[in-house]
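Working notes, beginning with the structure itself.
2 protein chains.
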Amino acid sequence: MSPIREMLSETGITEQQWRVLRVLAEFGRMDTKTLADRSSLLFPSLTRIAATLRDKKLVTQTRDDKDRRRQFIEITAAGQRIIDERSPHAAQIVAGFKDVLGEDDYERLLDLLERLDPGAQP
Amino acid sequence: MSPIREMLSETGITEQQWRVLRVLAEFGRMDTKTLADRSSLLFPSLTRIAATLRDKKLVTQTRDDKDRRRQFIEITAAGQRIIDERSPHAAQIVAGFKDVLGEDDYERLLDLLERLDPGAQP
DNA sequence: TAGCAACAATTAACATGTTAAGGAAATGCT
DNA sequence: AGCATTTCCTTAACATGTTAATTGTTGCTA
C-alpha cells in the first residue's frame with residue numbers, strides 16, 4: 001500500500017480515511033454499521049475516523065430520528081472532491097499491480113488470497 | 001495472522017514482540033539495527049518493544065563498550081522458554097496455510113507476493 | 001409500567017506504524 | 001584542538017487495531 005499512502009500524504013488524509021470516503025462516495029449515505037462493514041473497520045476505529053473526517057468537513061453525521069441510537073454518515077462536497085481528484089491516480093496505482101504480475105497472475109493472486117481468508121474483501 | 005494472535009494472547013505477548021523474540025532465539029545476541037531488519041520493524045517501534053520486553057525480563061540490553069551509541073540485545077532464559085513452548089503451535093498454524101492451499105499453491109502465492117514486493121521477507 | 005436485557009456508539013487503555021525532531025556519541029576535516 | 005557532520009537511538013505526536021468497559025436508547029416482559 002505504500003504508493004497509495006504516498007499519494008495520500010499530499011492530502012493530509014490517511015489510508016483508512018480514504019477508504020471510508022471511497023465507500024461513502026460509491027454508495028452514498030449509510031448507517032455506521034454498514035459503513036464499518038464495507039470499509040473493513042471496527043467500530044472504535046470508525047468512531048475516531050468519523051470524528052476526524054467530520055472535523056475536516058469531509059463528512060456529516062446525522063442521528064436517526066426513529067432510533068436515536070443510530071446515526072447516518074454522508075460525504076460532503078469537499079470529501080467528494082478529494083475522491084474525484086485522487087481516484088484516477090489511485091486506480092492507476094492499482095493497475096500497476098496488474099502490470100507487474102500480468103492479468104493472469106493478478107487473478108491467480110486474488111484467488112489464492114481469497115482461499116486463505118474467504119470473504120476478506122468480497 | 002489472527003490465529004497467531006489468538007495463541008499469543010494467552011501469553012500476554014503481542015505479534016511483534018513474538019517476532020522479535022523469535023529472531024533473537026534463532027540468531028542469538030545482535031545489535032539493534034540487525035534486529036530491526038530481521039524482524040521488519042522501524043527503529044521507533046523497536047525501541048518501545050525492546051523496552052517492554054526488557055520490563056518483562058524477556059530480553060537484556062547491553063551497551064557496546066567500543067561505541068557507546070550502540071547496544072546489543074539478547075534473549076533471556078524466560079524469553080527462550082516462551083519461544084520453545086509456543087513455536088510448535090505456531091509452526092502448526094503456519095502449516096495450516098499450506099493445508100488450505102496445498103504445497104504447490106502455497107509456493108505460488110509466495111512467488112506472487114515476492115514479485116509484488118521484492119525483498120519484503122527474503 | 002417499572003425493570004432489565006439487547007443494541008448502538010463511545011470511551012478507555014494499551015500496543016504499534018509512521019514521520020519528524022532531539023540528544024548523545026563518534027568521525028572527519030581543518 | 002575545534003567544530004560540523006554523521007550515526008545510533010530515543011521521544012514526540014498523531015492515527016489506527018483491539019479488547020473491554022461505559023453510556024444512552026429501545027423494546028420486551030413480568
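As you go down the protein sequences, you meet chains A and B in turn.
For the first sequence, UniProt numbering puts the final residue at 122, and the numbers step up evenly by one.
For the second sequence, UniProt numbering puts the final residue at 122, and the numbers step up evenly by one.
Note that CB positions come from ideal geometry on N, CA and C, so glycine has one too.
| Query | Result |
| --- | --- |
| Roughly how far, in whole angstroms, is the beta-carbon of A/Pro3 from the beta-carbon of A/Ile93, given that I think they are within contact range, below 8 Å? | 5 Å |
| Helix, strand or coil: which one does DSSP assign to B/Ile4? | helix |
| Over what stretch of residues does the alpha helix (DSSP H) that includes B/Ile82 continue unbroken? | Ala77 to Leu101 |
| So is B/Leu24 buried or exposed if we call it buried at 16+ other beta carbons inside 10 Å? | buried |
| Could you tell me whether any Cβ in chain A is nearer than 8 Å to the Cβ of B/Leu101? | yes |
| Ignore the nearest five residues each way along the sequence and tell me which others in B/Arg5's own chain have a CB closer than 7 Å to its CB. | Glu15 |
| If contact means a Cβ-Cβ distance below 7 Å, which residues of the segment 62-83 of chain B contact chain A? | none |
| Helix, strand or coil for A/Thr62, going by three-state DSSP, please let me know. | strand |
| Since I believe B/Leu110 is in contact with A/Arg115 (beta carbons under 8 Å), could you give me their beta-carbon distance rounded to a whole number of angstroms? | Incorrect: roughly 14 Å between the Cβ atoms, too far for contact. |
| Determine whether the Cβ of A/Leu109 lies closer than 8 Å to any Cβ atom of chain B. | yes |
| Residues of chain B with CB closer than 8 Å to the CB of A/Leu112, please, in chain order. | Leu101, Asp105, Arg108, Leu109 and Leu112 |
| How close, in whole Å, do the beta carbons of A/Ala78 and A/Met7 come, if the pair is a contact with beta carbons under 8 Å? | Not quite, the Cβ-Cβ distance comes to about 18 Å (not below 8 Å), so this is no contact. |
| One question on the structure: do A/Val59 and A/Ser39 come within less than 8 Å of each other, judged by their Cβ atoms? | no |
| When the distance is taken between beta carbons, is B/Gln17 closer than 8 Å to B/Leu53? | yes |
| Let me see if you follow: with CB-CB separation under 8 Å, is A/Phe43 close to chain B or not? | no |
| Which residues in the same chain have their Cβ closer than 7 Å to the Cβ of A/Pro122, if we skip the five residues on either side of it in sequence? | Note that A/Pro122 has pLDDT 48, beneath the 50 cutoff, so the model's placement of it is unreliable and the number below is only indicative. Within the same chain, A/Pro122 has no close Cβ partners at all. |
| Could you tell me which residues DSSP puts in a beta bridge with B/Ile73? | B/Met30 and B/Gln61 |
| Which residues in the same chain as A/Ile83 place their Cβ atom closer than 7 Å to its Cβ, once the five residues preceding and following it in sequence are excluded? | Leu21, Arg22 and Ala25 |
| On the three-state DSSP scale, how would you describe B/Arg68? | coil |
| Return no unless some Cβ of chain B is closer than 8 Å to the Cβ of A/Arg115. | yes |
| Which residues in the same chain have their Cβ closer than 8 Å to the Cβ of B/Thr76, if we skip the five residues on either side of it in sequence? | Lys57, Leu58, Val59 and Thr60 |
| In this structure, does DSSP put A/Pro122 in helix, strand or coil? | Unreliable positioning characterises A/Pro122 in this predicted model, as indicated by a pLDDT of 48, which lies under 50. The coordinate reading is nonetheless provided below. Of the three classes helix, strand and coil, the one that applies to A/Pro122 here is coil, per DSSP. |
| Below 8 Å on the Cβ atoms is my guess for A/Arg70 versus A/Asp31; work out the distance and round it to an integer in Å. | 6 Å |
| Between the Cα of A/Ser9 and the Cα atoms of A/Arg86, A/Glu107, A/Arg48 and A/Ala51, which residue gives the shortest distance? | A/Arg86 |
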